[in-house]
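**Q**
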Amino acid sequence: MSLLSKNVIPGNHGRIFGTNAKEDQDLLEIKNKLLELDGIKDVVLDTAIFPREFTVYTTKIISIDTIEKRVKSVGFHAIPK
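Following this line, the structure appears as C-alpha cells:
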C-alpha cells in the first residue's frame, strides 16, 4: 500500500467514494459530517448515478479510514474508488 492508496491527497482531483445512501437528506448528512473534519475543503455529491458517489477535496492529507469511520457514524458506508 502506498501513500496514494491509503489517503486523500490535497489538490484539484479529490477522491471519489461510493456510498449506499440513497436519499438526498442522507447524502447531505454525510456531507455535513465530513465537512466537520479539519482539512476537508469540499464534498461534492453526485446524485445522478447509482450507487451514489461523492468526491472529497482536502487541504491536507487525510486517511481514507478517517473518512470511512465518519460516514459509518451516520449509518452508511463509504467505499473509495
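To get my numbering, take the position in the sequence shown, counting from 1, and add 981. All C-beta atoms in this analysis are idealised placements derived from N, C-alpha and C, irrespective of residue type, glycine included. Predicted model, so just to flag it, every value in this text is computed and none were measured.
1) Near G1020, what residues of its chain come up, given a Cβ to Cβ distance below 6 Å and the 5 sequence neighbours on each side ignored?
2) Which residue comes first and which comes last in the beta strand (DSSP E) that contains E1034?
3) Nearest-angstrom Cα distance between N988 and S1054?
4) Below 7 Å, is the gap between the Cβ of A1059 and the nearest heavy atom of the ligand MN?
5) Spatial neighbours of V1052 within its chain, please: C-beta separation below 6 Å, excluding the five flanking residues on both sides.
6) Could you work out which residue in K1014, K1003, I1030 and L985 is closest to G995 when comparing CA atoms only?
7) Check whether the Cβ atoms of F998 and V1025 sit closer than 8 Å, and answer yes or no.
8) Pick helix, strand or coil for I1000, following the three-state DSSP scheme.
**A** Reading from the atomic positions:
1) T1039, T1040, K1041 and I1043
2) E1034 to T1039 is the span of the beta strand (DSSP E), which, as asked, contains E1034.
3) 19 Å
4) Because no ligand of any kind appears in the structure shown, any question about the ligand MN cannot be addressed here.
5) I1011 and A1059
6) L985
7) no
8) Note on residue identity: the sequence assigns Thr, not Ile, to residue 1000. T1000: strand per DSSP, three-state reduction.
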